[in-house]
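In this note's numbering, the protein residues as written are 453 to 612.
Every residue gets a Cβ at the ideal spot worked out from N, C-alpha and C, and that includes glycine.
Working notes for the structure below.
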């Protein structure tokens, strides 16, 4: 089961896969060493697959409209995600991303619906924003108008 902003995603036999990429780069060159760089943790992706019965056409339409929904700036709406696997991965906020599909399955008289949710404001991003905020608070602003300040000092000096 998965809920978005408290709204239960319709369907049954719902499967949720959560994954993220540990970014890195091979630094070994042509040698036999296994050197690599750590480039951080990329946002998690929740891949959801569910079955919605043909007689619940309005539920499918509602899910599709939520996926297409935009905010006042034309960006996809960021949703609060509630499900066990997202909680385990510490995914709180996500938005619809990539492809959404619905395929008819006549055997079970349902649509097999799949979509992806991309994590927004991941733990790594929140930590970086916090570090950036602390760095801004600990810095001393420098004068960016040095020439005018120096010119004014020369003009204020009396003498030959």
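| Query | Result |
| --- | --- |
| Do the stretch 537–544 and the stretch 518–526 make contact, defined as three or more Cβ pairs closer than 8 Å? | no |
| What does residue 528 pair with, by DSSP beta-bridge criteria? | 522 |
| Going by alpha carbons, who is nearest to residue 518 out of 466, 606, 458? | 458 |
| So residue 538 is in the alpha helix (DSSP H); what residue range does that whole segment cover? | 536–540 |
| Based on the DSSP secondary-structure assignment, which residues constitute the bridge partners of residue 462? | Per DSSP, none; premise fails for residue 462. |
| Beta carbon of residue 496, beta carbon of residue 535: below 9 Å? | no |
| Nearest CA to the CA of residue 503: which residue from 548, 543, 515, 473? | 515 |
| The beta strand (DSSP E) spanning residue 507 covers which residue range? | Per DSSP, residue 507 belongs to no beta strand (DSSP E) and is neither H nor E. |
| Going along the chain, which residues of its own chain have a beta-carbon closer than 6 Å to the beta-carbon of residue 506, five neighbours each way excluded? | 561 |
| Is residue 513 buried or exposed, if buried means 16 or more other CB atoms sit within 10 Å of its CB? | exposed |
| Can you have a look at residue 498 and say buried or exposed, based on whether 16 or more other CB atoms are within 10 angstroms of its CB? | buried |
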